[in-house]
Structures are given as structure tokens and as C-alpha cells.
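Student: Chains as they are written, first to last, in our numbering: chain A, 22 to 210; chain B, 22 to 210. For every residue, glycine included, the Cβ atom is placed at its ideal position computed from N, Cα and C. In this text, all values refer to a predicted model and were calculated from it rather than measured experimentally. One structure follows; several queries about it will come next.
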């Protein structure tokens, strides 16, 4: 996949108040807005389903089934699709558990509390491994992203009762601007 | 603002499973994901703040202060910015009232319940008029978008108590695919 962008420049289009990515040749404005990640904390009798990533970034680290929402789907449909793709799992969504803003990378994460609609799961093409973890077994040092830490803690705090208002970013990173920790490979380099 | 797109074509990039908008010249892939609209139902002693749109689409119709989230901001910052831009108002956000998917146009709306942090408001450049409406005065036939109907009803149902889990699309339009009603001008044409 080519990512050459030689002809795109940042300039302020007529009638706007900020720079936009614009093609110097044809004038096409590629609006860059935050992207939505949809995903789920899936629990099975108190154990949590995690996927070990087969792709970068953070290959080899554990995450919840989640990914970029696509055009033409709803947030719920996106969360269900991601669980099918990454964990071959059919979910039953319970409600929105958390909404996080990751301003550093222009992401909004809408994360559900969910259960398995059928007992089956298996690694999809983007996962090396999918398994259930007891709370005490969760590999905290091998989680892929800060928001995976956040949402697991928020899931734990919510317990099994009604969800209430969605949790937001933790006070220590209200805007989602803390850089990602180095991967094991980066740290060793 | 030019929107010529002559050199962009839809094709499936290597390693992907669906068509993406791709520049034939340089290979740049303009990923098109759903865009996030952030906004607020602002109440002042039970009266609701609405803005009459000065811009298309739906110029002349009433809406809540809301608009596209920008890169580098959080959902909360985006909702506050939109209220400043459209209603010259400083808000205090109370929590997420609703999350709607409008699959027809690739939008996700994250809408807050809010109050005025200071008593001032006035039309911004994108509004013809900004005013407070008693519930009985709300101009239902002159609201700009179906989701404005939805969120006002959801605001009314929520009352003044704790917000609980965010409301979603109403059962009659679960995917947000119902076309927009024609504007007065279109209906007359």
C-alpha cells in the first residue's frame, strides 16, 4: 500500500479557519477528522476475553476486540464486526461502558460492555491468540494501549450492575496525550 | 473551495478488503471513516437553547449547538467549541445524553446535557438567531435534523436526574437511514 503524499499540502481553504490537507493538483480537500474506534470488554463468567495482536502497532501485546468504525455501519454494528474479525466471536452488547478521547492521535473510542452470544471464539487474521483471563491473570505489562488499562479498570468498577453514564478519560490523562510506552523491541533497541 | 476529485478513484488497496478512495497519481489513500458530531442540549431553567442555522444544509431551521469534532480536541472540548462558535455561549457539560449513528451519512453524534456557565449567548457567524424555548414553544416542524427531535425527546425523558446509560437511535430509525425531509424550498419546488 503506497502512502506517498507528494502532492498534498496543508493550507487554509477559502471560507475556513484552519489548515486542511489539500491536493495541490486538483484542489481536493481531504478533511481529517478524529476517527472512531469501537470495541468491547467481553466477559464470560467473570473472565475477560483478550486478543494478542498479530499486527502493528503493538504486535504481540494484548487488547480487547476493537478497531476503526467503517462507513455505513452503526457504532454497535462496528463493535460486533470487530469482535467477529479479531476473535471470531458473536457478541451481545450490554451498553456503552466508556468514551475516551485520544487527542494525541485524533481518536475517539466508544467501548461497550458485552458478553458472548455463542460460546465460540478463536483468533482471527489480526490476532495471534485469543483467550479468557481471570482478573488476577490479566497481563497488565503486556497490554497494547493505555486505554485497554483504562477500560478494564472501568469495567471492574462498574461491576455487574447497571452501567450508568459512560466513563471518560482518567484524571491522569484527561486529553489522551500521554505517549505510548515503548514496545519491548523498541525498549531493547 | 474546490471539491474537484478527478484523480481520485475507488479501488481496493493491497492488503485490504474493501474499496478506498485512492489518488491515481500518487497512491495516497484517503480513508473515509465516519465523522463525529459533538453537541449539547443546553437548558436554562427548563428552557432549551436553539440556534437557527445560517448555513446549508437546512438553512433557516433550528438545531442544538453541534458540529464536526476537530483533530487535537476531546469530545468535551469539541462540544464546548461548537457552542462558542454557534451561540457565543460558555457551557458546563453534565454528561453524555445520547450517542446516535447516522449510517446514511457516516456520522456518529455524541450529544451532552449541558447548562450555561455564564448567562450570555448570541448568534455566532453560522447562526441567524439564538434563543431559549419553553418545551411547549419548540418549533418541531422547523427543526433541522431528525436527531434534533430525538435528542430533545431524550432530554425530556431524562428529566433532571442522573443521566444513566446514553440513549441511542430510536427504534423507528435504528441505523439512521431515514432520508432527511425536504426543506421548505425543496418541498415548494
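(1) For residue 133 of chain B, write down the residues that DSSP places opposite it in a beta bridge.
(2) Using beta carbons (cut-off 9 Å, strictly below), is residue 174 of chain B in contact with chain A?
(3) Could you list the residues in the segment 117 to 136 of chain B with a C-beta less than 8 Å from some C-beta on chain A, going in chain order?
(4) Among A:123, A:139, A:140, which has the Cα closest to the Cα of residue 191 of chain A?
(5) Give me the chain A residues within the contact set of residue 92 of chain B, using Cβ-Cβ distance strictly less than 7 Å, ordered along the chain.
(6) Counting only the same chain and skipping the five closest in sequence on each side, list residues whose C-beta sits under 7 Å from that of residue 80 of chain A.
(7) Counting C-beta neighbours from all protein chains within 10 Å, is the total for residue 130 of chain B 16 or more, i.e. buried, or is it exposed?
(8) Distance, Cα to Cα, residue 99 of chain A vs residue 71 of chain B?
(9) Residues of chain B with CB under 9 Å from residue 145 of chain A, in chain order?
(10) Spatial neighbours of residue 108 of chain A within its chain, please: C-beta separation below 8 Å, excluding the five flanking residues on both sides.
(11) Examine chain B for any beta-carbon lying closer than 9 Å to the beta-carbon of residue 183 of chain A, and answer yes or no.
(12) Using a Cβ distance threshold of 8 Å, determine whether the segment 158 to 170 of chain B contacts the segment 154 to 168 of chain A, with at least three qualifying pairs required.
(13) Look up residue 126 of chain B in the DSSP assignment and say whether it is helix, strand or coil.
(14) For residue 154 of chain B, go through chain A and note every residue whose CB falls closer than 8 Å to its CB, in chain order.
(15) Under a Cβ-count criterion, where at least 16 other Cβ atoms within 10 Å of its own Cβ denotes burial, should residue 182 of chain A be classed as buried or exposed?
(16) Please tell me whether residue 81 of chain B has its Cβ less than 9 Å away from any Cβ of chain A.
(17) Quick one: measure Cβ to Cβ for residue 60 of chain A and residue 132 of chain A, integer angstroms, because I've assumed they're closer than 8 Å.
(18) Tell me which same chain residues have a C-beta within less than 6 Å of the C-beta of residue 111 of chain B, skipping the five on either side of it?
(19) Just confirm the distance between the C-beta atoms of residue 65 of chain B and residue 153 of chain B, as a whole number of angstroms; I'd bet it's less than 8 Å.
(20) Thinking C-alpha only, which one of B:40, B:83, B:92 is nearest residue 39 of chain A?
(21) Any heavy atom of the ligand NAP closer than 8 Å to the CB of residue 28 of chain B?
(22) With H, G and I counted as helix, E and B as strand and the rest as coil, what does DSSP make of residue 150 of chain A?
(23) Give me the Cα-Cα distance between residue 201 of chain B and residue 180 of chain A, rounded to the nearest whole angstrom.
(24) Tell me which residues share the same chain as residue 128 of chain A and place their Cβ nearer than 7 Å to its Cβ, disregarding the 5 neighbours each side in the sequence.
(25) Give the DSSP bridge partners of residue 44 of chain B, in chain order.
(26) Going along the chain, which residues of its own chain have a beta-carbon closer than 8 Å to the beta-carbon of residue 120 of chain A, five neighbours each way excluded?
(27) Output the distance between the C-alpha atoms of residue 26 of chain B and residue 155 of chain A, rounded to the nearest integer angstrom.
(28) With DSSP as the reference, identify every bridge partner of residue 184 of chain A, one or two as the case may be.
Tutor: Taking the definition as stated:
(1) Taking the first residue of the second chain as 1, we reach residue 133 of chain B at position 112. The partner list for residue 133 of chain B (beta bridge, DSSP) reads B:61, B:117.
(2) Residue numbering aside, residue 174 of chain B sits at position 153 when the second chain is read from its first letter. So, not an interface residue.
(3) 117, 120, 122, 124, 127, 129, 131
(4) As a working mapping, residue 191 of chain A is identified with position 170 in the first chain. Residue 191 of chain A has its Cα closest to that of A:123, out of A:123, A:139, A:140.
(5) Here residue 92 of chain B corresponds to residue number 71 of the second chain, with the count starting at 1. Going along chain A in sequence order, the residues near residue 92 of chain B (Cβ under 7 Å) are 53, 54, 55, 127.
(6) Counting from one through the first chain, the residue named residue 80 of chain A turns up at place 59. Answer for residue 80 of chain A: 74, listed in chain order.
(7) In the second chain, counting from the first residue as 1, residue 130 of chain B sits at position 109. The residue is buried, with at least 16 neighbouring Cβ atoms inside 10 Å.
(8) As a first step, residue 99 of chain A must be located in the first chain, where it is residue number 78. As a first step, residue 71 of chain B must be located in the second chain, where it is residue number 50. The straight-line gap from Cα to Cα measures roughly 32 Å.
(9) The residue given as residue 145 of chain A occupies position 124 in the first chain. Within chain B, no residue comes near residue 145 of chain A; the closest Cβ sits about 12 Å away, beyond 9 Å.
(10) Counted from its first residue, the first chain places residue 108 of chain A at position 87. Excluding positions up to five away in sequence, the list reads 63, 70, 72, 86, 142, 143, 144, 145, 148, 151.
(11) Here residue 183 of chain A refers to the residue found at position 162 when the first chain is read from its first residue. So yes, residue 183 of chain A belongs to the interface.
(12) no
(13) Walking along the second chain from the start, residue 126 of chain B turns up at place 105. Note: residue 126 of chain B maps to helix in three-state DSSP.
(14) The residue given as residue 154 of chain B occupies position 133 in the second chain. Near residue 154 of chain B there are no residues of chain A at all, since even the closest Cβ is about 26 Å away, more than 8 Å.
(15) Reading the first chain from its first residue, position 161 is the one you call residue 182 of chain A. With fewer than 16 Cβ atoms within 10 Å of its Cβ, residue 182 of chain A is classed as exposed.
(16) The residue given as residue 81 of chain B occupies position 60 in the second chain. So no, residue 81 of chain B is outside the interface.
(17) As a working note, residue 60 of chain A is residue 39 in the first chain. As a working note, residue 132 of chain A is residue 111 in the first chain. Confirmed, about 5 Å.
(18) Here residue 111 of chain B refers to the residue found at position 90 of the second chain. Closer than 6 Å at Cβ, skipping near neighbours: 138, 139.
(19) Position 44 of the second chain, counted from the first residue, corresponds to residue 65 of chain B. Position 132 of the second chain, counted from the first residue, corresponds to residue 153 of chain B. Indeed, because the Cβ distance is near 6 Å, the residues count as touching under 8 Å.
(20) Start at 1 with the first residue of the first chain, and residue 39 of chain A comes out as number 18. Selected option, being the one with the closest Cα: B:92.
(21) Looking for the ligand NAP in the displayed structure turns up nothing, as the structure carries no ligands at all.
(22) Translated into positions along the first chain, residue 150 of chain A becomes position 129. Looking at residue 150 of chain A - three-state DSSP - the assignment turns out to be strand.
(23) Indexing the second chain from 1 puts residue 201 of chain B at position 180. Indexing the first chain from 1 puts residue 180 of chain A at position 159. Taking the straight line joining both Cα atoms gives about 40 Å.
(24) In the first chain, counting from the first residue as 1, residue 128 of chain A sits at position 107. The residues are 55, 56, 58.
(25) Mapped onto the second chain, residue 44 of chain B falls at position 23. In DSSP, residue 44 of chain B forms a bridge with B:29.
(26) To locate residue 120 of chain A, count along the first chain from 1; it is residue 99. Counting only Cβ-Cβ distances below 8 Å, and skipping sequence neighbours, we find 129, 130, 131, 132, 187, 188, 189.
(27) Start at 1 with the first residue of the second chain, and residue 26 of chain B comes out as number 5. Start at 1 with the first residue of the first chain, and residue 155 of chain A comes out as number 134. Summary for residue 26 of chain B: the model assigns pLDDT 47, below 50, so the residue's position carries little reliability; its value from the coordinates is reported in the next sentence. C-alpha separation (whole angstroms): 52 Å.
(28) If you number the first chain from 1, residue 184 of chain A lands on position 163. DSSP output for residue 184 of chain A lists no bridge partner at all.
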